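Input: a single structure, listed below in structure tokens.
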Amino acid sequence: MKLWGRMLWALLSGSGKRGGTRGWASSSWQPRLPLAGLSATELVSHWTAVFEKRGIPEARESSEYIVAHVLGAKTFQSLRPALWTQPLTPWQLQCIEELSSCRLQRMPVQYILGEWDFQGLSLKMAPPVFIPRPETEELVEWVLEEVTQRSHVVGAQGGPLILEVGCGSGAISLSLLSQLPQSRVIAVDKGEAAICLTHENAQRLQLQDRIRIMPLDVTLEGSWAHFVPWGPMDLIVSNPPYVFHQDMEQLAPEIRSYEDPAALDGGEEGMDVITHILALASWLLKDSGSIFLEVDPRHPELIGSWLQSRPDLSLDLVAVRRDFCGRPRFLHIQRSGPQHGCPTDAWPGPQPPRVPG
Numbered sequence: 001m002k003l004w005g006r007m008l009w010a011l012l013s014g015s016g017k018r019g020g021t022r023g024w025a026s027s028s029w030q031p032r033l034p035l036a037g038l039s040a041t042e043l044v045s046h047w048t049a050v051f052e053k054r055g056i057p058e059a060r061e062s063s064e065y066i067v068a069h070v071l072g073a074k075t076f077q078s079l080r081p082a083l084w085t086q087p088l089t090p091w092q093l094q095c096i097e098e099l100s101s102c103r104l105q106r107m108p109v110q111y112i113l114g115e116w117d118f119q120g121l122s123l124k125m126a127p128p129v130f131i132p133r134p135e136t137e138e139l140v141e142w143v144l145e146e147v148t149q150r151s152h153v154v155g156a157q158g159g160p161l162i163l164e165v166g167c168g169s170g171a172i173s174l175s176l177l178s179q180l181p182q183s184r185v186i187a188v189d190k191g192e193a194a195i196c197l198t199h200e201n202a203q204r205l206q207l208q209d210r211i212r213i214m215p216l217d218v219t220l221e222g223s224w225a226h227f228v229p230w231g232p233m234d235l236i237v238s239n240p241p242y243v244f245h246q247d248m249e250q251l252a253p254e255i256r257s258y259e260d261p262a263a264l265d266g267g268e269e270g271m272d273v274i275t276h277i278l279a280l281a282s283w284l285l286k287d288s289g290s291i292f293l294e295v296d297p298r299h300p301e302l303i304g305s306w307l308q309s310r311p312d313l314s315l316d317l318v319a320v321r322r323d324f325c326g327r328p329r330f331l332h333i334q335r336s337g338p339q340h341g342c343p344t345d346a347w348p349g350p351q352p353p354r355v356p357g
């Protein structure tokens with residue numbers, strides 16, 4: 001799965017783009033060769049050639065994943081060797097053709113298969129919910145490193161209380177829950193489809209008792225009030241919309257046509273949601289609490305300057321980490337003062353509910 005994830009990153013960054021989406025959705029493909037009696041290996045070669053002729057990026061990888069999925073495996077390499085040369089049934093051939101037709105329409109493989117692995121977890125995937133990229137796995141690994149190295153990152157119940165903003169499929173939240181047994185997570189997203197998918201993935205992984213999933217847009221006035229009953233947060237983690245608005249049209253057809261643009265478009269400088277998260281964090285984080293963000297490579301400098309212009313937030317950019325392509329992709333921001341709660345006179349919107357005790 002790591003391989004396809006890296007390819008997906010290339011699509012997001014613009015490489016592999018082969019024109020627009022016009023004509024893909026209405027296109028139909030009819031096989032030129034009789035497929036009956038072909039083996040899995042022969043079908044991979046056949047569909048690879050079809051994909052290449054039609055300009056589909058990562059043609060062989062796409063065909064391998066589709067054939068493997070129909071044969072009940074995660075990857076083609078994990079198939080039993082006997083299945084590589086065994087003729088497929090008519091039903092299997094039909095399934096492969098239908099799924100391959102979706103790929104010809106530039107649908108991402110993750111949506112075609114309906115599931116994808118992230119940090120060792122098998123998660124359900126469905127459009128238009130944002131597909132987690134491989135660099136986000138690196139973000140999760142960094143968070144886990146920091147939690148294990150810092151003994152004071154501990155909540156009231158023996159594990160950190162974590163807020164994820166923009167949970168999408170729940171990939172980040174559920175990965176952290178699965179690897180931090182005593183942690184608790186509040187996961188929010190403004191997309192109804194994302195909330196439903198996170199619920200479903202949490203139930204599939206039997207983690208629903210330790211996660212609170214809420215529909216919430218953190219850019220709205222008074223959104224902070226929803227978090228007050230939970231007390232100060234140990235960590236805030238987010239892979240927010242960070243694509244510069246002018247770059248949206250440069251994204252690959254797989255992304256533009258199928259994924260929710262609201263999960264990608266970060267406004268003029270890609271910081272519309274990021275600045276709201278930082279403002280929220282200044283009140284919700286406990287003393288020395290941390291924010292971990294995935295951002296555009298242009299953002300570390302922009303966000304560092306923005307934080308320097310807002311000393312009232314008491315937030316410091318303490319570390320920048322590069323992704324597997326060497327680009328500055330992840331930020332660690334830390335609260336440098338005590339957490340005083342959310343004063344009602346400092347925020348617009350409704351008064352926060354009183355916390356018992």
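Residue 293 in the UniProt record's numbering sits at position 293 of the sequence shown, with consecutive numbering throughout.
Each residue gets a CB set at the ideal place from its N, CA and C atoms; glycine is no exception.
All values derive from a computational prediction rather than experimental measurement.
Per DSSP, what kind of secondary structure is VAL187 in: helix, strand or coil? Position 187 of the sequence shown, counted from the start, is the residue given in the question as residue 187. According to the sequence as given, residue 187 is Ala; it is not Val. Residue state, collapsed to three classes: strand.
With distances taken from CA atoms, which of TYR242, ARG256, ALA262, PRO261 is nearest LEU331? Stepping through the sequence shown from its first residue, residue 331 is reached at position 331. Of the candidates TYR242, ARG256, ALA262, PRO261, the one whose C-alpha sits nearest the C-alpha of LEU331 is TYR242.
What is the DSSP secondary structure of GLN334, counted as helix, strand or coil? Mapped onto the sequence shown, residue 334 falls at position 334. In the structure shown, GLN334 adopts extended strand secondary structure according to DSSP, grouped into three states.
Output yes or no for whether 8 Å exceeds the beta carbon distance between ILE162 and LEU174. Residue 162 sits at position 162 when you count from the first residue of the sequence shown. Residue 174 sits at position 174 when you count from the first residue of the sequence shown. No.
For the stretch 230 to 239 and the stretch 289 to 299, state whether three or more C-beta atom pairs, one from each stretch, are separated by less than 8 Å. Touching, per the Cβ criterion.
So the alpha helix (DSSP H) ILE96 belongs to, where does it begin and stop? In the sequence shown, the residue the question calls residue 96 occupies position 96. Its alpha helix (DSSP H) spans residues 90 to 104.
Report yes if the C-beta distance between PRO87 and GLY37 is below 8 Å; otherwise report no. Reading the sequence shown from its first residue, position 87 is the one you call residue 87. Reading the sequence shown from its first residue, position 37 is the one you call residue 37. Contact: yes.
May I ask which residues mark the beginning and end of the beta strand (DSSP E) holding ASP247? Translated into positions along the sequence shown, residue 247 becomes position 247. For ASP247, no beta strand (DSSP E) run applies, since DSSP gives it neither H nor E.
Take every Cβ of the stretch 274 to 286, pair it with every Cβ of the stretch 217 to 237, and state whether three or more of those distances are shorter than 8 Å. Short answer: they touch.
For PRO215, which of helix, strand or coil comes out of DSSP? Working through the sequence shown from its first residue, we reach residue 215 at position 215. Three-state result, PRO215: strand.
Do three or more CB pairs link the stretch 242 to 252 to the stretch 45 to 52 at distances below 8 Å? Counting Cβ pairs under 8 Å, fewer than three are found: no touch.
Ignoring anything shorter than 4 residues, give me the alpha helix (DSSP H) runs that lie fully in the stretch 32 to 60, in order along the chain. As far as the stretch 32 to 60 is concerned, its whole alpha helix (DSSP H) runs of at least 4 residues are 40 to 53.
Count Cβ pairs between the stretch 190 to 203 and the stretch 212 to 232 that sit closer than 8 Å; are there 3 or more? Contact between the stretch 190 to 203 and the stretch 212 to 232 is established, with three or more Cβ pairs separated by less than 8 Å.
I'd like the span of the beta strand (DSSP E) that includes GLU164, first residue to last. Your numbering for residue 164 matches position 164 in the sequence shown. Element bounds for GLU164: 161 to 165.
Using 8 Å as the threshold, is the C-beta distance between ILE66 and ARG103 below it? One-based indexing of the sequence shown puts residue 66 at position 66. One-based indexing of the sequence shown puts residue 103 at position 103. Taking 8 Å as the Cβ cut-off, ILE66 and ARG103 qualify as a contacting pair.
If distances are taken between C-alpha atoms only, which option among ALA68, PHE76, LEU317, ASP323 comes closest to ARG335? On the sequence shown, residue 335 is found 335 positions in, with the first residue counted as 1. Residue LEU317 holds the alpha-carbon nearest to the alpha-carbon of ARG335 among ALA68, PHE76, LEU317, ASP323.
Buried or exposed: SER26, going by 16 or more other Cβ atoms within 10 Å of its Cβ? The residue given as residue 26 occupies position 26 in the sequence shown. Low confidence applies here, because SER26 scores a pLDDT of 35, under 50, leaving its location unreliable; read the following figure in that light. Sixteen is the threshold: since fewer than 16 other Cβ atoms of the shown chains lie within 10 Å of the Cβ of SER26, the residue is exposed.
Can you tell me where the beta strand (DSSP E) holding ILE131 begins and where it ends? What you label residue 131 is simply residue 131 of the sequence shown in a count that begins at 1. Looking at the DSSP string, ILE131 is not in any beta strand (DSSP E), and its letter there is neither H nor E.
Run through the DSSP bridge pairs and tell me what ILE236 is partnered with. Locating residue 236 in the sequence shown gives position 236, where the first residue counts as 1. Partner(s): LEU163, ILE291.
Looking at C-alpha atoms only, which residue of ARG310, SER122, VAL70 is the closest neighbour of GLU98? One-based indexing of the sequence shown puts residue 98 at position 98. GLU98 has its Cα closest to that of VAL70, out of ARG310, SER122, VAL70.
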